[in-house]
Amino acid sequence: MDLKGFDLLKFISIIQRNTRRYFDLMLEGDGIGSGQQFFLLWIYENSGITMHELSRSGSFDKATATKAVQKLAEEGYVTVTVDQADKRVRHLAVTEKARALVQKIYRLRSRWCQRILDGLDEKQQQRLGSALQRMADASSAGLEWFCQHGKEEQYV
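When we follow the working numbering, the leftmost residue of the sequence shown carries the number 1, and every step to the right adds one.
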């Protein structure tokens with residue numbers, strides 16, 4: 001496929017920037033932004049998840065996950081509990097205060113997805129979702145390969 005007229009990365013970047021801005025605007029009064037909402041939902045959906053598991057689940061570096069969790073904890077949305085068997089391990093859970101915000105985020109996500117998928121029928125939406133999943137998996141595998149093997153001259 002010739003992608004000269006189809007700047008895939010540009011379109012993905014535009015969608016991502018607009019999505020971040022949308023969540024920043026919609027969550028402004030809740031003390032968090034687009035950067036923390038992903039982490040809050042993962043913690044909600046995986047109560048007791050460790051910091052390491054959280055960073056791996058979204059392909060984030062440890063510093064990014066730590067910063068997001070610190071912000072969520074400061075706002076009273078997440079508790080961090082030290083593992084009794086291994087003091088280096090931190091388990092995460094949402095607080096009661098977070099539950100209403102989690103439901104709000106689910107509603108916001110649903111509305112945003114409806115808006116950006118407007119004009120695509122169900123089959124197109126399913127195909128797009130499958131294609132994006134394959135692309136995300138390929139990008140994760142590709143990045144992991146480059147991290148393990150270093151840069152190859154042909155890719156620089």
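The C-beta atom is built at its ideal place from N, Cα and C for all residues, glycine as well.
Buried or exposed for Val94, please, with buried defined as at least 16 other CB atoms from any protein chain shown within 10 angstroms of its CB. The residue in question, Val94, is buried, as its Cβ has 16 or more Cβ neighbours within 10 Å.
Report, in whole angstroms, the separation of the C-beta atoms of Leu27 and Gln16, which I expect to be a contact under 8 Å. Gln16 and Leu27 do not touch by the CB rule: their CB atoms are close to 16 Å apart, not below 8 Å.
Do Gly31 and Glu75 have their C-beta atoms closer together than 9 Å? Yes, Cβ-Cβ distance for Gly31 and Glu75 is below 9 Å.
Within 8 Å, do at least three Cβ pairs link the region 61-70 to the region 105-113? Because the criterion of three Cβ pairs below 8 Å is not met, the region 105-113 and the region 61-70 do not touch.
Helix, strand or coil, according to DSSP, for Leu41 in the structure here? Correct three-state label for Leu41: helix.
Run through DSSP, which three-state label would Arg88 get? In this structure, DSSP gives Arg88 a state outside helix and strand, which the three-state scheme calls coil.
With a 10 Å radius around its C-beta and 16 neighbouring C-beta atoms as the bar for buried, classify Val78 as buried or exposed. That one is buried.
From what residue to what residue does the alpha helix (DSSP H) around Thr66 run? Residues 62-74.
Phe146 classed as buried or exposed, judged by whether at least 16 other C-beta atoms fall within 10 angstroms: Answer is exposed; the Cβ neighbour count stays below 16.
Give me the Cα-Cα distance between Gln133 and Ser140, rounded to the nearest whole angstrom. So the two alpha carbons sit approximately 11 Å from each other.
Any contact of the region 82-101 with the region 48-66, i.e. 3+ C-beta pairs under 8 Å? Judged by Cβ distances under 8 Å, the region 82-101 makes contact with the region 48-66, as three or more pairs qualify.
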